[in-house]
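Chains A and B supply the protein sequences, listed in that same order.
Mapping the first sequence onto the numbering used here, position 111 (from 1) lands on 467, and the numbers just tick up by one.
Mapping the second sequence onto the numbering used here, position 133 (from 1) lands on 371, and the numbers just tick up by one.
Just so you know, even glycine gets a beta-carbon here, dropped at the ideal spot from N, CA and C.
Okay, so here's the structure we're looking at.
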Amino acid sequence: MSRVAALACVMLALVACEREHRRFSEVAPASGRPTHVTPQPSPNPAEGNAWAIAQGKQLYEAYNCNGCHANGGGGMGPALMDATWLYGSEPQDVYTSIVEGRPNGMPAFGGRIPDVQVWQLVAYVRSMSGQTRFDVRPARSDHMRVKESEQARRPERPVTAAPSGRP
Amino acid sequence: MSRAAIVVAAVACAACGRMPVLDPGGPQAARIATYWWIVFWLSALILAAVVAFLLHTLAHRRVAAAPASLVEDTRVERRLALGVAAAVGLTALTLVVLLVTSVATGRALRSFGGTDPLTLEVTGYQWWWDVEYWDPVPSQRVRTANEIHIPVGRPVLVKTRSLDVIHSFWVLVLQADRAGTFIGRCAEFCGVQHAHMQLLVIADQPEVFDAWLQAQRRSAVVPTDAFARHGFDLFMTGPCALCHTVLGTPAGGRRGPDLTHLASRRTLAAGTLPNTVGHLAGWIIDPQAQKPGAQMPGNAFGADDLSALLAFLGGLS
Numbered sequence: 357m358s359r360v361a362a363l364a365c366v367m368l369a370l371v372a373c374e375r376e377h378r379r380f381s382e383v384a385p386a387s388g389r390p391t392h393v394t395p396q397p398s399p400n401p402a403e404g405n406a407w408a409i410a411q412g413k414q415l416y417e418a419y420n421c422n423g424c425h426a427n428g429g430g431g432m433g434p435a436l437m438d439a440t441w442l443y444g445s446e447p448q449d450v451y452t453s454i455v456e457g458r459p460n461g462m463p464a465f466g467g468r469i470p471d472v473q474v475w476q477l478v479a480y481v482r483s484m485s486g487q488t489r490f491d492v493r494p495a496r497s498d499h500m501r502v503k504e505s506e507q508a509r510r511p512e513r514p515v516t517a518a519p520s521g522r523p
Numbered sequence: 239m240s241r242a243a244i245v246v247a248a249v250a251c252a253a254c255g256r257m258p259v260l261d262p263g264g265p266q267a268a269r270i271a272t273y274w275w276i277v278f279w280l281s282a283l284i285l286a287a288v289v290a291f292l293l294h295t296l297a298h299r300r301v302a303a304a305p306a307s308l309v310e311d312t313r314v315e316r317r318l319a320l321g322v323a324a325a326v327g328l329t330a331l332t333l334v335v336l337l338v339t340s341v342a343t344g345r346a347l348r349s350f351g352g353t354d355p356l357t358l359e360v361t362g363y364q365w366w367w368d369v370e371y372w373d374p375v376p377s378q379r380v381r382t383a384n385e386i387h388i389p390v391g392r393p394v395l396v397k398t399r400s401l402d403v404i405h406s407f408w409v410l411v412l413q414a415d416r417a418g419t420f421i422g423r424c425a426e427f428c429g430v431q432h433a434h435m436q437l438l439v440i441a442d443q444p445e446v447f448d449a450w451l452q453a454q455r456r457s458a459v460v461p462t463d464a465f466a467r468h469g470f471d472l473f474m475t476g477p478c479a480l481c482h483t484v485l486g487t488p489a490g491g492r493r494g495p496d497l498t499h500l501a502s503r504r505t506l507a508a509g510t511l512p513n514t515v516g517h518l519a520g521w522i523i524d525p526q527a528q529k530p531g532a533q534m535p536g537n538a539f540g541a542d543d544l545s546a547l548l549a550f551l552g553g554l555s
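If you want it as structure tokens, here you go:
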């Protein structure tokens, strides 16, 4: 009986964990009129949240990131799941890439994508190379299987951590 | 008997309200309603018979005397066996009757369609419906959202698909017998806002429908009025254009509903709000207050910018 009670307690504790917490009404400073871009301090609020990363995965297609970066393997744009991080691997670096754009074709999405969604995209992009916690990475794709899931990928250790900001 | 009363009350409730399931508006729905009534009356009959039998036995119960001997009375045994066999036979017969009617109803539903159905492609999203009126000529196709207009008397062929989770397209009218407005909804739990995933089906006379379809084919025009033009610029350079399409403009996002003819629609956010300027303003500023979890993020527009945006959107008829 006590074992059942202990199990119930563990389940209850798991239910209360932050992994799936959904904040719908987040103020979106980057939305509305584009003013000036103020990079947010790390850590990324979406980083440890499975739901936020899953949202990032949906947005990755909705905002046509896959148009250039494909499913992470790259195409017209650089690959996102290889070990090269042209502009740094920290959440802050990826955020800046999305919001300010980068030379050679990466458009600036600042003022178009709300901040909270940018952070979700950042967390998802980092989860592609195992930079986020294992248990919050997406475990499967909604599409035909074209690649292994983010969860199945081994975390990589970024070696080319270039200084953040424009070169 | 109180069970029967509850059933009658439930039926009465089902027939009222905004989604009258027992008031079919087309031949398919009529077939389903007929089948429903067959099941209902058959069940009612059986229930009445069982209750009557129970009452009868209660009224005529006998105090059992101690059995005279342990030897079976073959006459009693045979009578009981006959009774059980008859009950089993009747039950099997009832089930067969229900099975046959069910299969017949299903076949009849499948054979609807006629020679020239109106073809729609309906795509379910969390939590709204994308509707495309199919036409062999791509430029003649019409895309709208959360609202389906159909001509009276013509069968409608709906091709359904979903781009995220499982949805279920439930509309009671797919060939309308009469003009009117009907409500459809998602019938498969699909997330937090499943209850707010409705669509309107508006059945019109064929000439009214043709005029509507013709109007929907038109692209939007860039407003000449300076104020609305400012709203147009906001739409194109701000976050809106990333998700929404307005035909005839650079906005071509497919993440959210097509807004080319937004002002002609009756509801916002898949039947959540009536389409008025005030509701639209509230929806743009803070959708999460109206429909928590919806995929549309809040937008921090200032009052002037918002008014200009609303002026532009109000012109999209």
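_Measuring straight from C-alpha to C-alpha, what distance separates residue 309 of chain B and residue 317 of chain B?_
16 Å
*6 Å CB neighbourhood of residue 403 of chain B in its chain, flanking five on each side removed*: 428
*asked:* Tell me the DSSP secondary structure of residue 390 of chain A in three-state form.
replied: Because residue 390 of chain A sits at a pLDDT of 46, beneath the cut-off of 50, its placement in the model cannot be relied upon, and the following sentence gives the value as read from the coordinates. Coil, per DSSP.
*How about residue 366 of chain B and residue 384 of chain B: do their beta carbons lie closer than 8 Å?*
yes
*Kindly list, in the order they appear in chain B, the residues whose Cβ is closer than 7 Å to that of residue 473 of chain A.*
535
*What residues in its chain sit with their C-beta under 6 Å from that of residue 262 of chain B, if we drop five residues either side in the sequence?*
268, 271
*Does the region 477-489 of chain A come close enough to the region 420-439 of chain A that 3 or more CB-CB pairs lie under 8 Å?*
yes
*Identify the contact partners of residue 429 of chain A in chain B, using a Cβ-Cβ distance below 8 Å as the criterion.*
The premise fails here: residue 429 of chain A is roughly 22 Å from chain B at the closest Cβ pair, so nothing lies under 8 Å.
_Per-residue DSSP class, three states only, for residue 462 of chain A_ = strand
*asked:* What are the residues in the region 386-415 of chain B lying within 9 Å of chain A by C-beta distance?
replied: 401, 402, 403
*Taking 8 Å as the CB-CB cut-off, is residue 418 of chain A touching chain B?*
yes
*Could you tell me which uninterrupted alpha helix (DSSP H) segments, each at least 4 residues in length, are contained entirely in the region 284-367 of chain B, listed from first to last along the chain?*
312-349
*So what's residue 385 of chain A in DSSP terms, helix, strand or just coil?*
The pLDDT assigned to residue 385 of chain A is 43, lower than 50, so where the model puts this residue is not dependable, and the model offers no usable value.
*Ordered along the chain, which non-local residues of its own chain (more than five positions away) have a Cβ less than 8 Å from that of residue 280 of chain B?*
332, 335, 336
_Out of B/541, B/502, B/529, B/454, which one is the CA nearest neighbour of residue 519 of chain B?_
B/541
*asked:* If we define contact as Cβ-Cβ less than 8 Å, is residue 496 of chain A a contact residue for chain B?
replied: no
*Which chain B residues are close to residue 380 of chain A, counting only those with a beta carbon under 7 Å from its beta carbon?*
526, 530, 531
*Excluding sequence positions up to five away, which residues of its chain have a Cβ less than 6 Å from the Cβ of residue 331 of chain A?*
With chain A represented from 357 up to 523, any question about residue 331 of chain A goes unanswered, as that position is not in the structure.
*asked:* Contact criterion: CB-CB distance below 8 Å. Does residue 412 of chain A meet it with respect to chain B?
replied: no
_With DSSP as the reference, identify every bridge partner of residue 442 of chain B, one or two as the case may be._
B/389
*For chain B, is any of its Cβ atoms less than 8 Å away from the one on residue 458 of chain A?*
no
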